[in-house]
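Everything below concerns the one structure shown next.
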Amino acid sequence: MKKYRSLAYLFILPAVVAMIFVHIVPMAWGIMISFRDLNVFNIRDWTTAPFVGLDNYKKGFNPVTTIGQRFWQSVYNNLVFGFFTISIGFVIAMGVALLLNQPFYGRTFVRGLILIPYITPDVVVYNFWRFIFQARIGIFNEMLLKLGIIQERVIWLVGSNTIWTAIIAAIWKGWPFGALILLAGLQTIPTELYEAAKIDGANWWQRFRYVTIPFLQPVIKTLMIMNILWNFHAYNQFRVLFGDDPGRYAEVPSTLIMREAFNFFRYGLGSALSVILMLIMLAITLIYLSLFKVRVVE
Amino acid sequence: MGKRTPIQNILFYTAIILVLLFVLAPYVWMVSSSFKTTLEIQGMKPSWIPQTFTLENYRRMGKTVPIFKFFLNSLIISSGSMICSVILSVLAAYGISRFRFVGKNLYIVTLLSTQMLPGILFVIPYFVMFTWIKNKLGIPMANTYHGMIFTYTSFALPFSILMLRSYLDSVPREIDEQALIDGCSRAQALFRVIIPLAKPGITAVGIYSFIMGWNEILFATVLTRTDTRTISLGLLQYITQNEARWGEMMAACIISSLPIIILFTLYQKHIVQGLVAGATKG
Chain A
26 MKKYRSLAYL FILPAVVAMI FVHIVPMAWG IMISFRDLNV FNIRDWTTAP
76 FVGLDNYKKG FNPVTTIGQR FWQSVYNNLV FGFFTISIGF VIAMGVALLL
126 NQPFYGRTFV RGLILIPYIT PDVVVYNFWR FIFQARIGIF NEMLLKLGII
176 QERVIWLVGS NTIWTAIIAA IWKGWPFGAL ILLAGLQTIP TELYEAAKID
226 GANWWQRFRY VTIPFLQPVI KTLMIMNILW NFHAYNQFRV LFGDDPGRYA
276 EVPSTLIMRE AFNFFRYGLG SALSVILMLI MLAITLIYLS LFKVRVVE
Chain B
103 MGKRTPIQNI LFYTAIILVL LFVLAPYVWM VSSSFKTTLE IQGMKPSWIP
153 QTFTLENYRR MGKTVPIFKF FLNSLIISSG SMICSVILSV LAAYGISRFR
203 FVGKNLYIVT LLSTQMLPGI LFVIPYFVMF TWIKNKLGIP MANTYHGMIF
253 TYTSFALPFS ILMLRSYLDS VPREIDEQAL IDGCSRAQAL FRVIIPLAKP
303 GITAVGIYSF IMGWNEILFA TVLTRTDTRT ISLGLLQYIT QNEARWGEMM
353 AACIISSLPI IILFTLYQKH IVQGLVAGAT KG
């Protein structure tokens, strides 16, 4: 097929051109802006914004300044959010995947049903959770009261509980994807292996530990890296559940940057913060990749 | 794995039912609330079944917020970006799947990494870029359909290409070669032979782009105003500082989920295959 090599460039050209314009150029632009004091007065022509060197980065990095403190708090919140959402979500996904891997009547139908949260638009999901979490009129408090888990109505959408509210809603929305991927992985494990393990006297935990887990490892690694990266994309859940300003306990970098840029018109500072966020993500990804030796390209 | 004993059977089906309850309960609450009166919603006794059944919320939701206009906007923007990203990704995926060329690995890595970058990194540059284009070139971009289609196509593209590439890899190369021997040009081979064969993959990619456009709010917040407001963003307008119209919002939530639920029910198999392929082979 070597003969047609030049033709290959023709096929990928439109997508490459599109991506240069929509990804590479804006990214370069974003980095340029981050060195400038771009604000509401000079937004009409960004080239007139004064060059301020690393000022925006210093403000963002320094935990002593108000904005620096907020930024690091938001990064911390995002890490807490990610830790619980990913780990609890994974346990649920694994449990359900194992359950659905058993043969039973109506399996395809059930698999379709559990995917509904994943497929439902984010805004719809977090809007009905926002309604469910209402302190006075919401069904969540009502159920907890009836079950005797709480004695008084809990305020979910303001104050120190907010991060848990976001975690609960995000777990509910996110686990089906994990379950789907794990189930697909489980279905590639030959049943003979389980039979053989059984004959060798392995109990269910040993079969899970020494047959299932090793087989699923590549799938789990990819799933985890996707989850870790997506975790830093978190915006929709916080914006929809808590509005423009989620407050200190549920602030994540995305909501903070959006407010700095579009409510307070500090575009330069916002750009610098998003570049810092990208660097943090990059660092975490590299650590993960080197720890678990994930191969990106076959 | 063997047969389950009766007790295991009971436990097994109980577990399945619990999972389904966990998944479906919020939807029951959404649907039932959309048929409740405001009085009942604001009452202190939340219940799963409406005491008085009313269609009032469905009648009023279009008056409180121009939700049908937003619905139409979303339909135009999502379909537009679906068409653009399908065309671009079919060509690119075919290129990657069938040819070896210098820079191929670099290209794949670029695709993977752009897909991983958070949207927030691009919002400010897009806003500045759109303002600049309008002021320097006189082409309006913010608050236009083409601006939004451009934006959403760009974000659907990397995943679409990767997903479609892994699908095309499963279509045997011999089929192309046969078509070429039979006198087709490369382009003819692609359009007459490969595309019809890759329909499930293309459907999955199309639906993915559509759903992406339908769901997005980060860019829509910044780049749209009332004329082009998308439905996902419009849903937020039912709750203001002065009043919370939960019933109408739940009704509007149901309306806005309909296209996605319909697409999913029709093409469930393709979507599931596409998601699994995109995630495990990417």
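Going down the list, the sequences are from chains A and B. Under our numbering, the first residue of the first sequence is numbered 26, with each subsequent residue one higher. Under our numbering, the first residue of the second sequence is numbered 103, with each subsequent residue one higher. All C-beta atoms in this analysis are idealised placements derived from N, C-alpha and C, irrespective of residue type, glycine included. Computed from a predicted structure; not experimentally measured.
Beta carbon proximity, residue i to chain A, threshold 8 Å
i                : result
Met243 (chain B) : no
Thr156 (chain B) : no
Phe366 (chain B) : yes
Val385 (chain B) : Nothing in the structure corresponds to residue 385 (chain B), since chain B is present only between 103 and 384.
Val188 (chain B) : no
Arg288 (chain B) : yes
Phe108 (chain B) : Checking the sequence shown, residue 108 (chain B) turns out to be Pro, not Phe. No, Pro108 (chain B) lies away from the interface with chain A (no Cβ there is under 8 Å from its Cβ).
Gly197 (chain B) : yes
Pro168 (chain B) : no
Leu122 (chain B) : yes
CB of residue i within 8 Å of CB of residue j, strictly
i                : j                : result
Pro148 (chain B) : Phe137 (chain B) : no
Gly210 (chain A) : Leu241 (chain A) : yes
Ala286 (chain A) : Gly272 (chain A) : no
Ile58 (chain A)  : Ile362 (chain B) : no
Val135 (chain A) : Leu122 (chain B) : yes
Thr110 (chain A) : Ala195 (chain A) : yes
Met231 (chain B) : Pro51 (chain A)  : yes
Trp97 (chain A)  : Pro142 (chain A) : no
Gly55 (chain A)  : Ile226 (chain B) : yes
Leu316 (chain A) : Ser99 (chain A)  : no
Ile169 (chain B) : Trp348 (chain B) : no
Tyr260 (chain A) : Ile179 (chain B) : no
Val244 (chain A) : Leu207 (chain A) : yes
Ala191 (chain A) : Phe106 (chain A) : yes
Ile92 (chain A)  : Val121 (chain A) : no
Residue nearest to residue i in terms of C-alpha spacing, selected from the options
i                : options                                : result
Val211 (chain B) : B:Trp131, B:Asp284, B:Gly308, B:Ile263 : B:Ile263
Ile185 (chain B) : B:Ile309, B:Arg162, B:His372, B:Gly145 : B:Ile309
Ala244 (chain B) : B:Ile357, B:Ala322, B:Met132           : B:Ala322
Val130 (chain B) : B:Val188, B:Ser183, B:Ser268, B:Met352 : B:Met352
Phe158 (chain A) : A:Trp189, A:Ala118, A:Val50, A:Ile113  : A:Trp189
Leu125 (chain A) : A:Pro243, A:Val42, A:Ile37, A:Leu205   : A:Leu205
Val133 (chain B) : B:Tyr196, B:Asp271, B:Asn159           : B:Asn159
Arg202 (chain B) : A:Ile309, A:Ser31, A:Thr216, A:Ala221  : A:Ser31
Ala354 (chain B) : B:Asn237, B:Thr140, B:Val167           : B:Val167
Lys371 (chain B) : B:Leu239, B:Pro108, B:Thr305           : B:Thr305
Val204 (chain B) : A:Thr247, A:Arg178, A:Tyr34            : A:Tyr34
Asn175 (chain B) : B:Tyr115, B:Arg327, B:Ile341           : B:Arg327
Ser187 (chain B) : B:Leu120, B:Tyr209, B:Pro260, B:Ala127 : B:Pro260
Ala195 (chain B) : B:Val273, B:Ile373, B:Pro128           : B:Val273
Thr216 (chain A) : A:Thr73, A:Pro128, A:Asn102            : A:Pro128
Met306 (chain A) : A:Val277, A:Leu254, A:Phe263, A:Val105 : A:Leu254
Residue i versus residue j: straight-line alpha-carbon distance, rounded
i                : j                : result
Tyr254 (chain B) : Ser311 (chain B) : 8 Å
Ile162 (chain A) : Asn256 (chain A) : 30 Å
Leu302 (chain A) : Arg294 (chain B) : 46 Å
Lys27 (chain A)  : Leu213 (chain B) : Note on Lys27 (chain A): pLDDT 46, under 50, position unreliable in the model; the coordinate value appears next. Distance between the alpha carbons of Lys27 (chain A) and Leu213 (chain B): 23 Å.
Ser299 (chain A) : Thr156 (chain B) : 47 Å
Val322 (chain A) : Leu193 (chain B) : With a pLDDT of 45 at Val322 (chain A), under the threshold of 50, the predicted position of this residue should be treated as unreliable, and no value is reported.
Gly226 (chain A) : Val236 (chain A) : 13 Å
Asp80 (chain A)  : Leu377 (chain B) : 43 Å
Val265 (chain A) : Pro88 (chain A)  : 28 Å
Ser334 (chain B) : Trp229 (chain A) : 45 Å
Leu314 (chain A) : Asn344 (chain B) : 49 Å
Arg288 (chain B) : Ile198 (chain B) : 14 Å
Arg267 (chain B) : Phe172 (chain B) : 34 Å
Ala222 (chain A) : Arg232 (chain A) : 6 Å
Met103 (chain B) : Tyr151 (chain A) : Unreliable placement is indicated for Met103 (chain B), whose pLDDT of 47 sits below 50; no coordinate value is reported for it.
Lys238 (chain B) : Leu38 (chain A)  : 27 Å
Met251 (chain A) : Gln217 (chain B) : 10 Å
8 Å Cβ cutoff, residue i in contact with chain B
i                : result
Ile309 (chain A) : no
Phe153 (chain A) : yes
Arg161 (chain A) : yes
Glu167 (chain A) : yes
Arg61 (chain A)  : no
Trp54 (chain A)  : yes
Gln127 (chain A) : yes
Cβ-heavy atom distance, residue i to the ligand SAM, below 7 Å
i                : result
Gly203 (chain A) : Questions concerning the ligand SAM fall outside what the structure shown contains, since it holds no ligand whatsoever.
(request) Check each residue of the stretch 254-266 of chain A: if its Cβ is closer than 8 Å to any Cβ of chain B, include it; give the result in chain order. (result) Cβ contacts with chain B: Leu254, Phe257, His258, Tyr260, Asn261, Arg264, Val265.
(message) If the cut-off is 8 Å on Cβ atoms, which residues from the stretch 271-294 of chain A count as contacting chain B, listed in chain order?
(response) Shown in chain order are the members of the stretch 271-294 of chain A whose Cβ falls below 8 Å from a Cβ of chain B: Pro278, Ser279, Ile282, Met283, Ala286, Phe287, Tyr292.
(request) Taking only beta carbons into account, state which residues of the stretch 296-310 of chain B come closer than 9 Å to chain A, listed in chain order. (result) Listed by position along the chain: nothing, the set is empty.
(message) For the stretch 339-352 of chain B, list every residue whose C-beta sits within 9 Å of some C-beta in chain A, in sequence order.
(response) Flagged, chain order: Tyr340, Ile341, Ala346, Trp348, Met351, Met352.
(request) Scan the stretch 218-238 of chain B for residues whose Cβ lies nearer than 9 Å to a Cβ of chain A and list them as they occur along the chain. (result) Along the stretch 218-238 of chain B, the positions whose C-beta sits under 9 Å from a C-beta of chain A are Met218, Leu219, Pro220, Gly221, Ile222, Leu223, Phe224, Val225, Ile226, Pro227, Tyr228, Phe229, Val230, Met231, Thr233, Trp234, Asn237, Lys238, read in chain order.
(message) Beta carbons nearer than 8 Å to chain B: which residues of the stretch 191-213 of chain A have them?
(response) Those residues of the stretch 191-213 of chain A placed with their C-beta closer than 8 Å to a C-beta in chain B are Trp197, Pro201, Phe202, Leu205, Ile206, Ala209, Gly210, ordered along the chain.
(message) Against chain A, which members of the stretch 134-158 of chain B pass a CB distance test of less than 9 Å?
(response) Contacts with chain A (Cβ-Cβ distance below 9 Å) from the stretch 134-158 of chain B involve Ser135, Ile143, Gln144, Gly145, Met146, Lys147, Pro148, Ser149, Trp150, listed in chain order.
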